[in-house]
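Each residue of the sequence shown is one higher than the one before, counting from 20 in the working numbering.
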Amino acid sequence: MRKLKKLFIGLLTVLIIGIGLLYFFPQLIFGSTFGQKLLLKLSDESVAEFYFKEGQKTKDTLYMKGIIYGNTLEDIKNVLDKNPQVTTIAMEDVGGSIDDEVNLVASQEIRKRKINTYLPENSMVASGGTDMFLAGTKRNAHPSAKLGVHSWSDGSKGGDKYPKEDPSHKKYLDYYKEMDIPTDFYWYTLQAAPAESIHWMKPDEIKKYKVLTNDLSELLSLQKTLSSEGFAGRGTGKNQKAQELIINYFKTLGLEKFNDSYKVPFDFVDEKTKKKRPATNIVGYIKGKTNPDKYIVIGAHYDHMGIVDGVIFNGADDNASGTAALLVLAKYFTKNKPEHSIIFSAFDAEELGLHGSKYFVENPPVPLANIKLDINFDMISRNPNNEIYVVGTYPYPQFKPVVEKIAKTSPLKVSYGHDDPNDKTKDYWMYSSDNGPFHEKGIPNITFSEEDHPDYHKPTDDFKNTNPVFYTNVVALIEQFIESVDTNFPN
20 MRKLKKLFIG LLTVLIIGIG LLYFFPQLIF GSTFGQKLLL KLSDESVAEF YFKEGQKTKD
80 TLYMKGIIYG NTLEDIKNVL DKNPQVTTIA MEDVGGSIDD EVNLVASQEI RKRKINTYLP
140 ENSMVASGGT DMFLAGTKRN AHPSAKLGVH SWSDGSKGGD KYPKEDPSHK KYLDYYKEMD
200 IPTDFYWYTL QAAPAESIHW MKPDEIKKYK VLTNDLSELL SLQKTLSSEG FAGRGTGKNQ
260 KAQELIINYF KTLGLEKFND SYKVPFDFVD EKTKKKRPAT NIVGYIKGKT NPDKYIVIGA
320 HYDHMGIVDG VIFNGADDNA SGTAALLVLA KYFTKNKPEH SIIFSAFDAE ELGLHGSKYF
380 VENPPVPLAN IKLDINFDMI SRNPNNEIYV VGTYPYPQFK PVVEKIAKTS PLKVSYGHDD
440 PNDKTKDYWM YSSDNGPFHE KGIPNITFSE EDHPDYHKPT DDFKNTNPVF YTNVVALIEQ
500 FIESVDTNFP N
């Protein structure tokens, strides 16, 4: 009995001391990593951890989950020092921070190292987690991801209760300025929700405050829509819904038209049936600032296989991925006016023999001599090895240094080949996609594509198999390539 009494008194003493320390010296608990870990454990939360996933083939993407705490800065430094190949931190579930000072410094470390941040499918960041997400040099998010914000509190009152000139706001305002985030975003977070609650940002708010650098959500949304069952596989002759989507997008952007229409209807002879069939290219352009009579063609085929034996072939990678990229790039260059005129062409009937691009070069909207370059992309949203092929630098070597320079800072494995007819180790791609008809006419052309995968030309080529990080990195590579050749065209 005496032993139990002593044990009880001992436990009670520890409890009283603990409460006293927490009350009179809270920094001993909140300011130490041990204390923070203990508090998080009592709250059924875990400290932030960084990891690679089992079976991950490349280590360019580092994953993160948990609450940011006192040791997070050192954790970030250690893992990035040991893995210098990391270019992206994918934040799966980061609900906030227990140490704001460390959170801001750790976030600055991410920006200092030029690391990108990404929110994967069904992921969540909130409060301090959102602040860390904003540290990414490039910031992207899956459409299903959630970003939460709220006001901070010092224990007595929330940040929204302090006047704007109060010095308590300065460290946050300085941080957002450093991250190139509008300072209006800070004031918005204070009003969005009190400290004890959370506000999940809406798409228009995310856009308004420039939370994302590349609009990956739109890229993925377009790909998902184009490859949805409602579009019935976009088979030539039955792909009117895809045509309408592309036309409406061009119209919203205000792309200029040739012959008062984006639609370019044509007929071709089906090689199997030997019968004439109708098809439609969708074409628009942006006039260049300094070289309006010199053109760069950016093309991707929007057709796929349609319905075969009652089964829909959705063609998410082939080539809803290229079509969505075409649209997003058109949007980018309407906001960033090019030096050369750029023609955006969504080709039809590629799967049936490159007929859309054949018709384009046989009936060009501008003289072929004025087309300086064709840039084609076909299947660009998935590859298990993080590898994208740039095809066409063997016959047109003047473009290889441009790609090589961009590739140095790209997280992708950029490979060359499939363009030398004497190289028997690789199949020849110079006539495998819509680059072929341009090549036949002697027009320089560069194609971005990946190696075939098990779902190629199968009903299983679905949106769920897209690799969002790889996809957006490829589109970023293409965007940089277009800008480079547009501003300083190689001879």
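Don't be surprised by glycine CBs; every beta carbon is placed ideally from N, CA and C.
Could you pull out every residue in the same chain whose Cβ sits closer than 8 Å to the Cβ of Leu348, ignoring the five residues on either side in sequence?
Ile317, Phe363, Val494, Ile497, Glu498, Ile501
Is it right to say Tyr70 is buried, meaning 16 or more other beta carbons lie within 10 angstroms of its own, or is it exposed?
exposed
Where does Asn484 sit, in a helix, a strand or coil, going by DSSP?
DSSP places Asn484 within a helical segment (H, G or I) once states are collapsed to three.
Here's the rule: buried if 16 or more other CB atoms are within 10 angstroms of the residue's CB, otherwise exposed. What is Tyr321?
A residue is called buried once 16 or more other Cβ atoms fall within 10 Å of its Cβ, and Tyr321 is buried on that count.
Backbone secondary structure at Asn300 - three-state DSSP
strand
DSSP has Val144 in a bridge; who is on the other side?
Looking at the DSSP assignment, Val144 forms a beta bridge with Val113, Leu166.
Go through its chain and collect everything with a Cβ distance to Gln104's Cβ below 7 Å, but skip five positions before and after it.
Lys78, Asp79
State the DSSP-derived secondary structure class of Arg130, mapped to helix, strand or coil.
helix
So does the region 205-221 actually touch the region 164-173, counting three or more Cβ pairs closer than 8 Å?
Short answer: they touch.
Taking contact to mean 3 or more Cβ pairs, one atom from each stretch, closer than 8 Å, check whether the region 429-447 and the region 372-385 are in contact.
No: fewer than three Cβ pairs fall under 8 Å.
Which of helix, strand or coil does DSSP assign to Leu47?
Confidence at Leu47 is low in this model, with a pLDDT of 48, below 50, so its placement is unreliable and no value can be given for it.
Would you call the CB atoms of Lys333 and Pro162 closer than 9 Å?
Reading off the sequence, residue 333 comes out as Asn, not Lys. No, the pair does not count as a contact, with Cβ atoms beyond the cut-off.
Within a Cβ cutoff of 6 Å, which residues of the same chain sit near Ala579, ignoring the five residues on either side of it in sequence?
Outside the displayed span of the chain (20 to 510) sits residue 579, for which this structure offers no information.
Which residues in the same chain as Phe44 place their Cβ atom closer than 6 Å to its Cβ, once the five residues preceding and following it in sequence are excluded?
For Phe44, the predicted model reports a pLDDT of 49, less than 50, meaning its position is unreliable and no value from the coordinates is stated.
Going by DSSP, what residue range makes up the beta strand (DSSP E) through Asp223?
No beta strand (DSSP E) holds Asp223; the alpha helix (DSSP H) holding it covers 222-227.
Scan the region 268-293 and note each continuous beta strand (DSSP E) run of 3 residues or more that stays entirely inside, going in chain order.
The qualifying runs are 282-288.
CA-CA distance, Tyr207 and Asn492?
30 Å
So, for Asp286: in the same chain, excluding its five sequence neighbours on each side, which residues have a beta-carbon less than 8 Å away from its beta-carbon?
Lys295, Arg296, Pro297, Ala298
If Lys84 and Glu68 are in contact, beta carbons under 8 Å, what's the gap, nearest whole angstrom?
About 6 Å; that satisfies the 8 Å criterion.
Should Thr353 and Ile265 be called a contact, given that it needs their Cβ atoms to be closer than 9 Å?
Cβ distance not < 9 Å, so Thr353 and Ile265 don't count as in contact.
Check whether the Cβ atoms of Thr412 and Asp438 lie closer than 9 Å to each other.
yes
Taking 8 Å as the threshold, find out whether the region 237-250 comes into contact with the region 179-189 through three or more Cβ pairs.
Not touching, per the Cβ criterion.
Thinking C-beta only, is Ile407 closer than 9 Å to Phe489?
yes
Is it right to say Asp505 is buried, meaning 16 or more other beta carbons lie within 10 angstroms of its own, or is it exposed?
buried
Could you round the C-beta distance between Ala335 and Ala319 to whole angstroms and report it? I think they count as a contact, below 8 Å.
Actually they are not in contact, since the Cβ atoms of Ala335 and Ala319 sit about 14 Å apart, beyond 8 Å.
Is the beta carbon of Ser390 less than 9 Å from the beta carbon of Phe457?
Looking at the sequence shown, residue 390 is not Ser but Ile. Yes.
Once DSSP output is grouped into helix, strand and coil, what is the label at Pro473?
coil
Could you pull out every residue in the same chain whose Cβ sits closer than 6 Å to the Cβ of Ser468, ignoring the five residues on either side in sequence?
Within the same chain, Asp397, Met398, Tyr408 come within 6 Å of Ser468 by CB-CB distance, once the 5 residues on both sides are set aside.
Please determine if the region 114-130 and the region 145-161 are in contact, where contact requires at least 3 C-beta pairs separated by less than 8 Å.
yes
At the 9 Å Cβ level, is Asn122 part of the contact set with chain C, yes or no?
No chain C is present in this structure, which holds just one protein chain.
Backbone secondary structure at Ile497 - three-state DSSP
Of the three classes helix, strand and coil, the one that applies to Ile497 here is helix, per DSSP.
Which stretch, first to last residue, makes up the beta strand (DSSP E) that contains Gly341?
Careful: Gly341 lies outside any beta strand (DSSP E), inside the alpha helix (DSSP H) at 340-354.
Boundaries of the beta strand (DSSP E) in which Asn159 is found, first to last residue
158-160
Please classify Ala261 as buried or exposed, where buried requires at least 16 other C-beta atoms within 10 Å of its C-beta.
buried
I'd like the list of long-range same chain contacts for Ile462, defined as Cβ closer than 6 Å, with 5 residues on each side in sequence excluded.
Contacts found: Ile390, Asp393.
Suppose you measure from the CA of Asp480 to the CA of His472; what does that come to, to the nearest Å?
9 Å
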